[in-house]
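A short worksheet on the structure shown next.
4 protein chains.
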Amino acid sequence: MLVAGASGFTGALAAQIVWDHPRLELVAITSRSDAGKRLDALYSRYRVPLELTELDPDDLTGVDAAIVAYPHGAAAPTVAALRRQGILVVDLSADFRLDSIDTYRRWYGEHGAPDLFDAGVYGLSETHREELRGAQLVATPGCYPTASVLALAPLAERGLLTDVVVNAMQGTSGYGRSSDDLVHFSAMTENAFPYKTEGHRHRPEIEEELARLGSAAPVVFVPHLLPLDQGELASCYATLREPVSKEEVQALYRERYDGEPFVRVLDGPPNLRAVRDTNECHVYVTVEERGRVIAFGAIDNIWKGASSQGVQNLNLMLGLDETEGLL
Amino acid sequence: MLVAGASGFTGALAAQIVWDHPRLELVAITSRSDAGKRLDALYSRYRVPLELTELDPDDLTGVDAAIVAYPHGAAAPTVAALRRQGILVVDLSADFRLDSIDTYRRWYGEHGAPDLFDAGVYGLSETHREELRGAQLVATPGCYPTASVLALAPLAERGLLTDVVVNAMQGTSGYGRSSDDLVHFSAMTENAFPYKTEGHRHRPEIEEELARLGSAAPVVFVPHLLPLDQGELASCYATLREPVSKEEVQALYRERYDGEPFVRVLDGPPNLRAVRDTNECHVYVTVEERGRVIAFGAIDNIWKGASSQGVQNLNLMLGLDETEGLL
Amino acid sequence: MLVAGASGFTGALAAQIVWDHPRLELVAITSRSDAGKRLDALYSRYRVPLELTELDPDDLTGVDAAIVAYPHGAAAPTVAALRRQGILVVDLSADFRLDSIDTYRRWYGEHGAPDLFDAGVYGLSETHREELRGAQLVATPGCYPTASVLALAPLAERGLLTDVVVNAMQGTSGYGRSSDDLVHFSAMTENAFPYKTEGHRHRPEIEEELARLGSAAPVVFVPHLLPLDQGELASCYATLREPVSKEEVQALYRERYDGEPFVRVLDGPPNLRAVRDTNECHVYVTVEERGRVIAFGAIDNIWKGASSQGVQNLNLMLGLDETEGLL
Amino acid sequence: MLVAGASGFTGALAAQIVWDHPRLELVAITSRSDAGKRLDALYSRYRVPLELTELDPDDLTGVDAAIVAYPHGAAAPTVAALRRQGILVVDLSADFRLDSIDTYRRWYGEHGAPDLFDAGVYGLSETHREELRGAQLVATPGCYPTASVLALAPLAERGLLTDVVVNAMQGTSGYGRSSDDLVHFSAMTENAFPYKTEGHRHRPEIEEELARLGSAAPVVFVPHLLPLDQGELASCYATLREPVSKEEVQALYRERYDGEPFVRVLDGPPNLRAVRDTNECHVYVTVEERGRVIAFGAIDNIWKGASSQGVQNLNLMLGLDETEGLL
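Chains as they are written, first to last, in our numbering: chain A, 1 to 327; chain B, 1001 to 1327; chain C, 2001 to 2327; chain D, 3001 to 3327.
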């Protein structure tokens, strides 16, 4: 196993999870910016005693699979190079998540490997498990789409959604390692704010997946940044085709997620501490007094929203137990 | 001036603001639970060198006005006693905020002074300024209604609102001083969660005020608790009677709030740190890519959402400059 | 296995660690205040699906060992009752930590089982490993003594210490679950302060252990509370009998802790995030420019400072691998 | 008034305090990195509606006084240029704080205006008030020296100190605006750590000032970074020439600071929230059970530890009331 881009927040965590995984062997971790440093020196909380190296696509002997944790846009060419050598790839970027390349171009710019654009399987195992078994290139969903879609999938699959407002919030790990004024501790403590209020690129990703599931509903999506490290909540306000009672909708969710190893349907509102450092998504659905269905999805944005979900995908691709290394 | 209930979060802050006020004299601060303590010992961050005493309604010589910071339900009898002596009252509780006593009973229980139920003027000066001048009993709005209504008032007044989702979030000062497991630092740090998801009593208060302003629209309201002390954000998703462009709606807001001393219409999303320890409400309105109008209102929940707004009301009741002691 | 007092912070964590332990079976968790609740409902971050019950000392069939997580003073009678039935006990309280019952009485009051006072083995395995193997009653050290003694043991064992200042700091989990104004999130965020500045009961415990190790040195000890949940740092300023170079003292520490599974001697200052949710103690020793030896010990106060250290002790008592269930 | 370097944390705050000052007029704020931006856009919490410009030393008509908030080393040439035009300067850097230029060179490198090195008056008004009245160049003390010296001055002035350990802690605003991995919210939350453990440049500054006051005592100094924004605590462990009782030392402190407008001698341990956003230093002194004198000094590191203390100095230089604009 190789983790490329292991000096960023999600790559470093992916390296740790693979390192601890009973069935995978981590042979290399790479980074352009921090080559030469050991990962446990860069992040003292992680315990991977390997040195970061520069990725050399011509020297990947013994690597069967890779997790690529590059920024959007930068990932595609590297993914293509790895695939050309027959290496299975879990990509954590947005480069292979979307159905429409026009949508990709609008939100992310030119694509670095357009021939491969359609090759990625959308890596939400709760909705695409069968396609993921044996897939060769998997696009791990964005963190917001993960929480939002898992909160809404039972309704989407029944074709019930006509209109959705997703009010999402996330901790600063979602902002990534690239420091700037905004995520300085002095700026974030005792603060919170919405951002990308005129449009965020996770909105089309959510809409595409809801449409694939059965509900081509318009989504209004506004993310907020919170003064915490790891954790993400999608509070979804759904208008349905027909009224539904609280009991019905709660029964629907319990039935839909029965047996899912990483989705817990709760009896009350979720909280972010309960999912921190886990691959779980906690879901709660209710009908409030005005009749609107409200569904919450809570995840750890860099675990289920990125790195551990990537390993969940890898387990499926490799024919391992889906939960291996994740409980 | 008297502040009754000055040992709680909002009462203590009200005492501090009155103490610093150039035109008011704070003669007594009262508390049932902490009588005998000095306020600056109870809250080292406040600088009011007075001792908390038990309120004696028969010994209020020299008191012309009072701020009552009692819990909902407990406030009404005390307010009634003060009013019987001709004392002007700013009440921070919900006891005199609502139009319908049936609604009050549903959400708060029996009312402690039903004869006085209709006597309170709703203390949002941005929408009720003229009624507040010379009023004798003012009900300071709830924190969530303050942020939500100020975010929506320009639309409500034009009768444009047909449906509103308010996703609100607030720091732990809004939970009040009464400690319990939920607001223990160890429980709240790195956490966030929705609460009262099936219905919160600020929802009818918001609906009543929007209706008074011109839009009898149903409101879906879900509050969330955040890991910060002071600060509150209402993210409001509004469906309008007719489409409106971003330019139009932004112009409407600028015009509506032009000259308002404590409302700032921003050019971009608000943040909570910018309003901390102020009586300001920061408002931003936009139309997102799906056409929905989104309006944000950010306040400090114990300042503009409670104590400093109470003093703003007091200034109007007493014929002082509305901004006295608040800039 | 039984965990008594599992509704408090350290008891709940002990229950979780035992639950996950590959060689232990958790058969009961007890609580006076929260009997009838499930532990995973009381603390959503923990995953122990058992119901808390009231402890019935007459119905402990099948229980071979217990962790007691009661408050100081309350622990002794329960420990005695369990011992009378031959149950091995790891006590997390201070009731069996001290050598001198007079010292105990001064700091904690009357002892609840004086006959058993001397029966406890001091549960710091790094300094008492052999006594712990097969012990029947173990007193897990206080959190501050754990961090302080591990930071100083190599010097103490050589008889080098003549005088020590321990400036310690800890997160709010060390304050325990009992809520009050001090640990309300609104009081602790953006705050920090020393407490027990005229004397803290962990001071005599540290002095007794340093004396047992070889240095009967007076200790000045001042704890501080920090705005974080889990984590504790002891910054120790030591005056030695004879000067020592930085190289010498660092070599001494590396040699002393070579092979210790849970002590890591670092090359630079420790940080609290690196030890969170672990049984590790990170130690760094240096000689600053004025010639004073400074030694730091960093732990997670409820893991190595309480619950996981208790399990480490249990492993030794039961003849298991010391690291079982703790890596 | 000019504030040079107003885009950094201390410069921006200095600009705000001068802007609000009843007797000063802020005519320009300058910045190399952020020229062209308005200060209230750069820091939404500040309300100075001026645009940052590049400093032009040839165009300072109308400027009588300046606060320079440049990094150490960069300040000296600018200070010299301003002084050449007769402008009074309060410098917030270390460039004019020390007595010995050799010490300066060791810790900070070459000095940018050696001719002026001796011209700065040490700007701790509590110990140098008379020199500050009418001074033309004032070096505002470092934040750690401010808290440490105010905690120790009464003892130092009596010549009582023979040895001092200063364990200091500070929030992330002390780290400055320059973002890097260390102060990313995701790195600092739930974290704390010592730094510069082998020697920090504030140590010689503290020693020089204690010597000037009467005690040439060696100081051991270790700073720590805490997960909060503004606030700093110096916990000082002092060995005295002769024993002193708690009553004596507390009486000494009360007498020494009687009448000081910004020093409050407390009856118990200080806390950081009580001094946030103020120019106050809270001091508490005691004798702990082992006989060591412990003195605490708590300040807001960017207020009394930098910007507001700079304005306090300016008031004295200009012959204004020392407290003007600071209460």
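Note that the Cβ used here is the ideal one computed from N, Cα and C, for glycine as well.
Cutoff 6 angstroms; reference residue i; Cβ partners in own chain excluding five residues on either side
i          : result
Thr-2082/C : What sits at residue 2082/C in the sequence shown is Leu, not Thr. These residues qualify, in order along the chain: Ala-2066 and Val-2089.
Thr-2189/C : Pro-2227
Ser-2215/C : Ala-2156, Gly-2159 and Leu-2161
Thr-53/A   : Thr-30 and Ala-35
Leu-3024/D : Met-3001 and Val-3018
Pro-220/A  : The sequence given here has Val at residue 220/A, not Pro. Val-165.
Beta-ladder partner(s) of residue i, from DSSP
i          : result
Gln-1170/B : Leu-1225/B and Glu-1232/B
Ala-2295/C : Cys-2236/C and Val-2285/C
Phe-193/A  : Leu-225/A
Ile-1029/B : Val-1003/B and Leu-1052/B
Asp-2967/D : The displayed coordinates of chain D run from 3001 to 3327. Any statement about residue 2967/D would go beyond what the structure contains.
Val-3089/D : Ala-3066/D and Leu-3137/D
Val-219/A  : Val-164/A
Arg-38/A   : Glu-51/A
Val-3265/D : Val-3283/D
His-2184/C : His-1184/B
Val-311/A  : BP columns for Val-311/A are empty, so no partner.
Tyr-3122/D : Ala-3139/D
Cβ neighbours of residue i in the same chain (closer than 7 angstroms, five flanking residues each side left out)
i          : result
His-282/A  : Arg-264, Leu-266, Pro-270, Ala-274, Val-275 and Ala-298
Trp-107/A  : Arg-201 and Pro-204
Asp-321/A  : Asn-315
Ala-2217/C : Leu-2161, Thr-2162, Asp-2163, Val-2164 and Leu-2210
Ala-2113/C : Ala-2076, Pro-2077, Val-2079 and Ala-2080
Leu-39/A   : Ala-6, Ala-12, Ala-15, Ile-29, Tyr-46, Val-48, Leu-50 and Leu-52
Leu-1213/B : Thr-1127, Ala-1153, Ala-1156 and Glu-1157
Per-residue burial, residue i [other beta carbons within 10 Å of its own, 16 or more giving buried]
i          : result
Glu-3288/D : buried
Ser-93/A   : buried
Ile-2101/C : exposed
Lys-2246/C : exposed
Ala-2251/C : exposed
Glu-1242/B : exposed
Arg-3032/D : exposed
Asp-1328/B : Absent from the model: residue 1328/B. The displayed extent of chain B is 1001 to 1327, so no value can be given.
Gly-3291/D : exposed
Leu-240/A  : buried
For residue j and residue i, believed in contact at Cβ under 8 angstroms, the rounded distance
i          : j          : result
Ser-1235/B : Val-222/A  : 6 angstroms
Glu-2260/C : Tyr-2122/C : Not confirmed; about 17 angstroms, so no contact.
Leu-1233/B : Phe-1193/B : Contact flag wrong, Cβ pair sits at about 15 angstroms.
Arg-3097/D : Glu-3205/D : 6 angstroms
Glu-126/A  : Ala-153/A  : 7 angstroms
Val-2285/C : Tyr-2253/C : 5 angstroms
Asp-3229/D : Phe-185/A  : 7 angstroms
Val-2138/C : Gly-2120/C : 6 angstroms
Leu-26/A   : Leu-42/A   : The Cβ separation is near 15 angstroms, so there is no contact.
Asn-3191/D : Leu-2272/C : 5 angstroms
Other residues of its chain near residue i: CB distance less than 8 angstroms, five sequence neighbours each side excluded
i          : result
Pro-2057/C : Thr-2078, Ala-2081, Leu-2082 and Gln-2085
Pro-3022/D : Glu-3324 and Gly-3325
Does the count of Cβ pairs from the segment 2008-2015 of chain C and the segment 2036-2052 of chain C closer than 8 angstroms reach three? yes
Three Cβ pairs or more, each shorter than 8 angstroms: is that satisfied between the segment 1004-1012 of chain B and the segment 164-178 of chain A? no
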